[in-house]
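S.K.:
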Amino acid sequence: MLVFLVASGLTLVLGMMDIINFAHASIYMIGAFLCYQVTQWTSNFWLALLVAPLVCAFLGILLERGLLRKIHGSGQLNELLVTFGIAMVITEVVSWIYGSSPLPVAAPVQLAGSCQLWSGTKYPLYRLFILVLSGVVLAFMFYLLRKTRLGISIRACVEDGTMANALGTNVSFVLMAVMGIGAWLAGIAGVIVAPYLSVYSGMYNDMIMDCFAVIAVGGLGSLGGALIAALLVGQIQSFGVAFMPSISIAIIYLFMVIVFTAKPTGLFGKKE
Amino acid sequence: MKQNLKYASILLVVLLAILLPLVMSKFQIYLVTQVIIYSILGVSYYLLLGHTGLLSFGHAAFFGVGAYAAALSLLHLAGPDTPILLAILVGALAGMLCGLLFGLIVLRLTKIYLAFATLALSQMIWAVAWKWRDLTGGDDGLTGWAARTVSMPLIGQFALTNVTFSYYFVFFFAVLSIALSWHFTKTSLGNTLAGIKVNSHRMGFLGVNVNKAKLMVFTFSGLIAGLSGALFILMKKMVSPHFLDMSTSFDVLIISVIGGYASFIGPIIGAFIYVYLVEYLSSFTERWQLLVGAFFVLLLLFYPKGVAGIIGNALRKVSFVSGKGKR
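The listed protein sequences derive, respectively, from chains A and B.
Counted the way the numbering used here counts, the first sequence spans residues 1 to 272.
Counted the way the numbering used here counts, the second sequence spans residues 1 to 327.
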């Protein structure tokens, strides 16, 4: 579910701008570190959950306005490379400030325990919280995309940016909004992952590969595809660890390759 | 006139490269050797990205497979007597096979899909090298050929630890492989590939077998990259899964971009800058990656054609002022 939160933003941007935003997972990481910082200062997790994603959204917009827009039109590859460079810089800055050892973040007291499931097994409350929150965000995203004016514009731009522009949609604004929303989602994912996995500067690398797998398998630019792919990838990884531990790190790549050879545009991708 | 100038400058660079080790310190020679190996690797990447327009995130696979194949043949093929040249040949051929295999799998893909697929494939090979301890030594890697000697016909025996010798040794292969790559881009197949970069559909309509041409460039690029991997382990005296890692693929990408990925000479310039940049920055500060990243972004923003582009512009200006070249 977490990967889905990050990947959904990535896949939206990808669908619109046709670039892989390498810096997206960096924003996720920034979200986690902001969470650490805010809880350090105020020891209030909920405040972090509110503030950090907003800062992330702002950063995303800044990235789009300040950098990507400048280089837009000089080719897909250059845009991709710029985000790659940015990701490098962000990772280094973060590990410069916070060091490279993992930093723990305490889960909020309300969610510290575990609860009884119907079957009687105990389930940590915090994980349940992650599930519920992801579900809420997911529902919100679908509402936003399907029912609001902005959502219609976004979908139109994903479909055909030039045409949408000709019909009077402010594509440049929509682009900014998408970057903002995507970064906001990544920020949320970063914050809620912080108490669960703790915060470390290698988060970037761990997340970016999973994201790539999810958006590639799901089909670039497809939100529903990303959801299903995230679930699939998660399942395959857990099964791999459980049944074939020796090759578990290879299994997800194998899966990607198989999907690609069977259907080059991913499971739910449009035909080019 | 222009052609003459070009050949003269190439000759000058080659001469310089031959003479320089006589005055450089051992460490400098070592660095330049590394530059040369990265140049070979960069050129092999240029064939894919710059020449044919195929974006690969898995170039480390060719390099690493070449490196492992050479290392394994040094250790197991004929024990300590394995000729170094044979190991290099095995490495290059293994890289070639790997290129062929990648090509077969990803032929139908383009653009970002291609990048993802090559990344996934190379990560798969990385995982195998990581986990198959019996063969590859896992994350410890392989060592054990530092004390070997190379017997060159007519010249005599040399130890691998002899820095000056390995410089010339690597340089010889660099000239060979870079000249070969240059020739490759000028053959009719090379022209076809350049056409594919511009418009692959149109090339298809013209009756060109696009897939076959792409397969050829993957194979050839794999060969050259495998060669560079084999040379690299002779210099480093070890091989580890890091050679196959995603970050190695991205190193190649960074080298190409710094130099200018769209020109043949770009990756060579890029290799020079990258190796020296990393070496000197990392002696100043631990945060060298930050500076390299920032340099990379600024270069892309202001000079997307890389350093080769800057030099090209300057040359054009000079020839314009002197009134000789009308472009």
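Every residue, glycine too, gets a C-beta built ideally from N, C-alpha and C.
Small disclaimer: the values here were computed from a predicted structure and weren't measured.
At a Cβ cut of 8 Å, what residues of the stretch 59–74 of chain A count as close to chain B, listed as they run along the chain?
M.R.: Within the stretch 59–74 of chain A, the qualifying residues are L67, K70, I71, S74.
S.K.: What's the gap between the Cα of B:I258 and the Cα of A:L63?
M.R.: 22 Å
S.K.: Hey, is the stretch 256–275 of chain B in contact with the stretch 302–317 of chain B, meaning 3+ C-beta pairs nearer than 8 Å?
M.R.: yes
S.K.: Should the stretch 115–127 of chain B be regarded as contacting the stretch 53–61 of chain B, the criterion being three or more beta carbon pairs within less than 8 Å?
M.R.: yes
S.K.: How is the alpha helix (DSSP H) around A:R65 delimited, first residue to last?
M.R.: Element bounds for A:R65: n/a, residue is neither H nor E.
S.K.: Less than 9 Å between the beta carbons of B:A61 and B:S249, yes or no?
M.R.: yes
S.K.: Return the CA-CA distance between A:L12 and B:F284, expressed in angstroms with no decimal places.
M.R.: If I take the Cα positions, the gap works out to 41 Å.
S.K.: List the whole-angstrom C-beta distance separating B:S228 from B:F63, where the pair is believed to meet the contact cut-off of C-beta under 8 Å.
M.R.: 6 Å
S.K.: For A:M163, count neighbouring C-beta atoms within 10 Å of its own C-beta (all shown protein chains included) and say buried if the count is 16 or more, exposed if not.
M.R.: exposed
S.K.: Hey, does A:G85 have any beta-carbon neighbour from chain B nearer than 9 Å?
M.R.: yes
S.K.: Could you work out which residue in A:V55, A:G219, A:G190 is closest to A:S206 when comparing CA atoms only?
M.R.: Residue identity check: residue 206 of chain A is Asp in the sequence provided, not Ser. Of the candidates A:V55, A:G219, A:G190, the one whose C-alpha sits nearest the C-alpha of A:D206 is A:G190.
S.K.: Run through the DSSP bridge pairs and tell me what A:V6 is partnered with.
M.R.: DSSP lists no partner for A:V6.
S.K.: Less than 9 Å separating the beta-carbons of B:T33 and B:V252?
M.R.: no
S.K.: Check whether the stretch 49–62 of chain A and the stretch 27–34 of chain A are in contact - that is, three or more C-beta pairs closer than 8 Å.
M.R.: yes
S.K.: So, is the C-beta of A:A226 closer than 9 Å to a C-beta in chain B?
M.R.: no
S.K.: For the stretch 33–43 of chain A and the stretch 166–180 of chain A, state whether three or more C-beta atom pairs, one from each stretch, are separated by less than 8 Å.
M.R.: no
S.K.: Which residues, in order along the stretch 97–115 of chain B, keep a beta-carbon less than 8 Å from a beta-carbon of chain A?
M.R.: I105, V106, R108, L109, T110, K111, I112, Y113, A115
S.K.: DSSP three-state call for A:E272: helix, strand or coil?
M.R.: Unreliable positioning characterises A:E272 in this predicted model, as indicated by a pLDDT of 46, which lies under 50. The coordinate reading is nonetheless provided below. DSSP, read as helix, strand or coil, puts A:E272 in coil.
S.K.: Whose Cβ in chain B lies nearer than 7 Å to the Cβ of A:N78?
M.R.: L300, P304
S.K.: Counting only Cβ-Cβ distances shorter than 7 Å, please list the residues of the stretch 273–291 of chain B near chain A, keeping chain order.
M.R.: R287, Q289, L290
S.K.: Relative to the C-alpha of A:L167, which candidate in A:L175, A:C157, A:V82 has its C-alpha closest?
M.R.: A:C157
S.K.: For B:F296, go through chain A and note every residue whose CB falls closer than 9 Å to its CB, in chain order.
M.R.: L81, V82, F84, G85, M88, V89
S.K.: Rank B:V278, B:F205, B:L22 by C-alpha distance to the C-alpha of B:V163 and give the top, closest one.
M.R.: B:L22
S.K.: So, is the C-beta of B:Y45 closer than 9 Å to a C-beta in chain A?
M.R.: The Cβ of B:Y45 sits no closer than 9 Å to any Cβ of chain A.
S.K.: Would A:V132 be called buried (16 or more neighbouring beta carbons within 10 Å of its own) or exposed?
M.R.: exposed
S.K.: Would DSSP call A:L103 helix, strand or coil?
M.R.: The answer is strand: DSSP assigns A:L103 an E or B state.
S.K.: One question on the structure: do A:S8 and A:Y204 come within less than 9 Å of each other, judged by their Cβ atoms?
M.R.: Pairing A:S8 with A:Y204 gives a Cβ-Cβ distance that is not under 9 Å.
S.K.: Pick helix, strand or coil for A:P124, following the three-state DSSP scheme.
M.R.: strand
S.K.: Does B:A308 come out as helix, strand or coil in the three-state DSSP assignment?
M.R.: helix
S.K.: To which residues of the same chain is B:A94 closer than 7 Å at the C-beta, ignoring the five residues directly before and after it?
M.R.: These residues qualify, in order along the chain: V65, G66, A69, G226.
S.K.: Going by the CB atoms, is the gap between B:L74 and B:G144 shorter than 9 Å?
M.R.: yes
S.K.: Sort A:A213, A:W184, A:T91 by Cα distance to A:S134 and report the nearest one.
M.R.: Considering only A:A213, A:W184, A:T91, the residue with the shortest C-alpha distance to A:S134 is A:W184.
S.K.: B:L55 by DSSP, collapsed to three states: which one?
M.R.: coil
S.K.: Can you say whether B:H201 is buried or exposed, counting buried as having 16 or more other CB atoms within 10 angstroms of its CB?
M.R.: Under this definition B:H201 is an exposed residue.
S.K.: Considering only DSSP beta bridges, list what A:M209 is partnered with.
M.R.: DSSP lists no partner for A:M209.
S.K.: Can you name the residues of chain B whose CB is closer than 7 Å to the CB of A:E92?
M.R.: Residues of chain B with a Cβ closer than 7 Å to the Cβ of A:E92 are, in chain order, R287, Q289, L290, G293.
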